[in-house]
Structure formats: C-alpha cells, structure tokens
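Each number in my numbering comes from the position in the sequence shown (counting from 1) with 45 added on.
Reading through the structure tokens given below for one structure.
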Amino acid sequence: MSAPKGWRLFEMGTTNDEESDEFPPEKRLEASNTHLIKAGIATIPDMETLQECVAYENAHQNRTQILRQLKWKAEELRENEE
Numbered sequence: 046m047s048a049p050k051g052w053r054l055f056e057m058g059t060t061n062d063e064e065s066d067e068f069p070p071e072k073r074l075e076a077s078n079t080h081l082i083k084a085g086i087a088t089i090p091d092m093e094t095l096q097e098c099v100a101y102e103n104a105h106q107n108r109t110q111i112l113r114q115l116k117w118k119a120e121e122l123r124e125n126e127e
C-alpha cells in the first residue's frame, strides 16, 4: 500500500520497545514546561518504561513532584493489569 504524495503511512501497531525508543525518559521528563512533562508521564505505556523514567529522574533532577506523578502512574498501570 502506498500513500499519496506528501502523506506518511502509519502502522496500526507499535511495540512498547518502539514507543520507548521514540520517547526515552529524557524526552518525557526534560520538557520545557510542566504540561509537557505531565503529558510525557501520562503516555507511559508500561511498567518497564515507567521504571526507566524513575531511574532517570532519580539520577538527574530527583524532583519530588515528578517522582510523585510517576508513583501515581505506577498505581494506574497496576490497576489496569488486574
């Protein structure tokens, strides 16, 4: 299947590895404003990515507010697993 000139085709399914590579912790957590950081956290797809973000935050800025938001995201992911 080819896309019209100037258009880009997107595959419907992406793996979590592809998502993690596309949005590594530094892109999720080093945004220019808090709204972008919140969006980065909200779009974390799985526990593995979340753990990478927690490790990154602990090693770099160690911001209490960001770590709290990551904790809330972990609780949300756990609830969705059940």
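Quick reminder that beta carbons are idealized off the backbone N, C-alpha and C, glycines included.
Predicted, not measured: the structure shown is a model, and the values here were computed from it.
Please confirm whether residue i and residue j have their CB atoms less than 8 Å apart.
i	j	result
Ile147	Gln114	With the chain covering 46 to 127 only, the question about residue 147 has no answer from this structure.
Leu112	Glu102	yes
Gln93	Pro70	It should be noted that the sequence gives Glu, not Gln, for residue 93. Contact flag unset, no.
Which class does residue i belong to by DSSP, given the choice of helix, strand or coil?
i	result
Arg113	helix
Glu75	coil
Asn107	coil
Ile82	helix
Thr88	coil
Pro70	helix
Tell me the residue span of the alpha helix (DSSP H) that contains residue i.
i	result
Glu127	Note, Glu127: premise wrong, no alpha helix (DSSP H); not H, not E.
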